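Note that the sequence shown ends on residue 296 in the working numbering; no numbers are left out. We treat Cβ as the ideally placed atom computed from N, Cα and C, and that holds for glycine. Predicted, not measured: the structure shown is a model, and the values here were computed from it.
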Amino acid sequence: MIKQKNEVISIVGASGFLGKSLFNYLTATIGNYYEIIGTFFSSNNPNTLYQLDITNFEEVEKYLLTYKPDYLILAAGTKNVQLCEEDYDYAYNINTRPVKIFIQILEKHQLPTKLLFFSTDYVFDGKKGFYKDTDTPNPQTNYGKTKYLSEKLLLRSKIEFKIIRTAAVMGKYGRFFDWLVDGIKNSEDRAVFNNIFFSPTPIELLNEMTLKLLLDYEKIESKIIHIVGEKKLSRYEFALLLSNIIEGKKVKIIPETIDFSKTIFQKDLSLVQSGFVKVNQLKSFEEYIKTEVIND
Ligand SMILES: NC(=O)c1ccc[n+]([C@@H]2O[C@H](COP(=O)([O-])OP(=O)(O)OC[C@H]3O[C@@H](n4cnc5c(N)ncnc54)[C@H](OP(=O)(O)O)[C@@H]3O)[C@@H](O)[C@H]2O)c1
1 MIKQKNEVIS
11 IVGASGFLGK
21 SLFNYLTATI
31 GNYYEIIGTF
41 FSSNNPNTLY
51 QLDITNFEEV
61 EKYLLTYKPD
71 YLILAAGTKN
81 VQLCEEDYDY
91 AYNINTRPVK
101 IFIQILEKHQ
111 LPTKLLFFST
121 DYVFDGKKGF
131 YKDTDTPNPQ
141 TNYGKTKYLS
151 EKLLLRSKIE
161 FKIIRTAAVM
171 GKYGRFFDWL
181 VDGIKNSEDR
191 AVFNNIFFSP
201 TPIELLNEMT
211 LKLLLDYEKI
221 ESKIIHIVGE
231 KKLSRYEFAL
241 LLSNIIEGKK
251 VKIIPETIDF
261 SKTIFQKDLS
271 LVQSGFVKVN
281 QLKSFEEYIK
291 TEVIND
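Shown next as structure tokens:
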């Protein structure tokens, strides 16, 4: 099933929420066949990772020329929508400039590295929902704008790449997920918006599909792939689903309505899964979420 290769897979941002989970998953599943390496920036816990500042051209160049990864998964960046909104330069510096740097270096040295970039549902305007991977983005926030700029840089580049758009990744250490699970387990009521819709994505599904994408890279023609859960839910509906899974706990999930004129939250950023995910997904959304709750 697995190719017998000694290729190098580098996860840049392997100390983050997505990157750490993917690093552990790839090491456990294909670690005997591929060399899995990862980087961190400021968190000092993972002593098996290399330190790398993705905003520093020289550092990135040295890293790429030293390790010459066959695949590079760019999971570093910021998802702090509020901070990005307050400071466009901060958002650009961490979400766009590094992609420019990676492209420049890969092109300069003609490295054959295949780059997988984690993008976001925020590239869309959030007005209608159910966005397909062929729909044209229209970001409304600095976060979405700087991630979309990176997508456009990749699409115009000469390097090998895929863009993975994912959304509201759910699993242990996810802020919203942990806040809900802790509330439910400790019988603390939770007020959750019932007029914000999204495509929550179990982290296990994201890991499985990213692995599949790596293994089948050559066979997949699409440049943009939506790896998200198959359900469009309101945040309130997601909280109810979680509380039903965590049985025996009496907790009130209170529906709340948000006033969109006073927030940067967008009404409906739900995405339609790409065909690649539809055919490869191993179990249902509810089953994945059950696993995340058990792992919590
Ligand atoms: N989480 C989601 O639901 C979600 C949904 C859609 C898309 N995404 C995208 O996925 C990416 C990762 O998200 P996440 O949730 O894993 O975020 P996260 O937990 O905040 O992790 C961010 C990662 O980026 C690294 N980093 C920050 N500044 C850096 C720098 N200057 N140089 C090198 N590395 C740097 C961090 O390293 P240190 O911790 O060591 O400083 C960390 O490993 C983001 O780009 C986001 O746009 C996430």
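When V228, K152, F117 and P112 are compared against S284, the one with the closest alpha-carbon:
Position 284 of the sequence shown, counted from the start, is the residue given in the question as residue 284. Closest option to S284, Cα to Cα, is V228.
For E297, collect the residues of the same chain with a Cβ closer than 8 angstroms to its Cβ; drop the 5 residues on either side in sequence, then sort them by chain order.
Because the chain spans 1 through 296 in this model, residue 297 falls outside it and cannot be assessed.
Just list the residues that DSSP pairs K162 with in beta bridges.
Taking the first residue of the sequence shown as position 1, residue 162 is located at position 162. Residue pairing from DSSP places K162 in a beta bridge opposite L116.
Could you tell me the distance, in whole angstroms, from the CA atom of M1 to the CA atom of I220?
Taking the first residue of the sequence shown as 1, we reach residue 1 at position 1. Taking the first residue of the sequence shown as 1, we reach residue 220 at position 220. In this prediction, M1 scores a pLDDT of 48, lower than 50, which makes its location untrustworthy; the coordinate-derived value is nonetheless stated afterwards. Using only the alpha carbons, I get a separation of about 17 angstroms.
With three or more beta-carbon pairs closer than 8 angstroms as the criterion, would you say the region 199–215 touches the region 269–286?
Output reads yes: the region 269–286 touches the region 199–215.
What's the gap between the Cα of I54 and the Cα of K231?
Taking the sequence shown and counting its residues from 1, one reaches residue 54 at position 54. Taking the sequence shown and counting its residues from 1, one reaches residue 231 at position 231. Rounded to whole angstroms, the separation of the alpha carbons of K231 and I54 is 34 angstroms.
Cβ-heavy atom distance, D189 to ligand 1, below 6 angstroms
By one-based count along the sequence shown, residue 189 stands at place 189. Not under cutoff, so the answer is no.
Can you look up P202 in the DSSP assignment and give me helix, strand or coil?
Residue numbering aside, residue 202 sits at position 202 when the sequence shown is read from its first letter. Three-state DSSP puts P202 in a strand.
Close Cβ partners of I184 (< 7 angstroms) along its chain, the five nearest in sequence each way excluded
The residue labelled residue 184 in the question sits at position 184 within the sequence shown. Excluding its 5 nearest sequence neighbours in each direction, I184 has C-beta neighbours in its own chain below 7 angstroms: L242, S243, I246, K249 and V251, listed in chain order.
C-beta atoms of A28 and K20 nearer than 7 angstroms:
Position 28 of the sequence shown holds residue 28. Position 20 of the sequence shown holds residue 20. Contact flag unset, no.
How long is the line joining the alpha carbons of Y34 and I103, rounded to whole angstroms?
Mapped onto the sequence shown, residue 34 falls at position 34. Mapped onto the sequence shown, residue 103 falls at position 103. Looking at the two C-alpha atoms, the distance is approximately 24 angstroms.
Bridge partner(s) assigned by DSSP for P255:
Within the sequence shown, residue 255 is the residue found at index 255, counting from 1. According to DSSP, which records beta bridges pairwise, P255 is partnered with V192.
Using 8 angstroms as the Cβ pair cut-off and three pairs as the minimum, do the region 91–105 and the region 171–186 touch?
Touching, no.
Nearest residue (CA-CA) to K199, options R165, D182, D189 and F161
Numbered from 1 along the sequence shown, position 199 holds the residue referred to as residue 199. Checking the displayed sequence, the identity of residue 199 turns out to be Ser instead of Lys. It is R165.
What's the gap between the Cα of K262 and the Cα of T141?
Position 262 of the sequence shown holds residue 262. Position 141 of the sequence shown holds residue 141. C-alpha separation (whole angstroms): 14 angstroms.
Measure how close the beta-carbons of H109 and L72 come, nearest whole angstrom, since I'm counting them as under 8 angstroms.
Residue numbering aside, residue 109 sits at position 109 when the sequence shown is read from its first letter. Residue numbering aside, residue 72 sits at position 72 when the sequence shown is read from its first letter. The C-beta separation of H109 from L72 comes to about 13 angstroms, leaving the pair out of contact by the 8 angstroms criterion.
Burial state of I254 (16 or more Cβ within 10 Å)
Numbered from 1 along the sequence shown, position 254 holds the residue referred to as residue 254. By the Cβ-count criterion, I254 is exposed, with fewer than 16 other Cβ atoms from all chains shown falling within 10 Å of its own Cβ.
What do you reckon, is the C-beta of D70 under 6 angstroms from a heavy atom of ligand 1?
Along the sequence shown, read from residue 1 onward, the residue named residue 70 stands at position 70. No, Cβ of D70 sits at least 6 angstroms from all heavy atoms of ligand 1.
Using DSSP with H/G/I as helix, E/B as strand and the rest coil, what is L297?
Past the edges of the chain, shown from 1 to 296, lies residue 297, and the structure says nothing about it.
Would you call F238 buried or exposed, if buried means 16 or more other Cβ atoms sit within 10 Å of its Cβ?
Locating residue 238 in the sequence shown gives position 238, counting from the first residue. So F238 counts as buried.
Mapping the DSSP letters down to three states, classify S10 as helix, strand or coil.
As a working note, residue 10 is residue 10 in the sequence shown. Residue state, collapsed to three classes: strand.
Could you give the DSSP three-state label for M1: helix, strand or coil?
Locating residue 1 in the sequence shown gives position 1, counting from the first residue. With a pLDDT of only 48 at M1, under 50, the local geometry of the prediction cannot be trusted, and the value read off the model is given with reservation. The three-state reading of DSSP puts M1 in coil, since its state is none of H, G, I, E or B.
Go to I225, then tell me how far its beta strand (DSSP E) extends in each direction, as first and last residue.
Here the question's residue 225 lines up with position 225 in the sequence shown. DSSP places I225 in the uninterrupted beta strand (DSSP E) bounded by I224 to H226.
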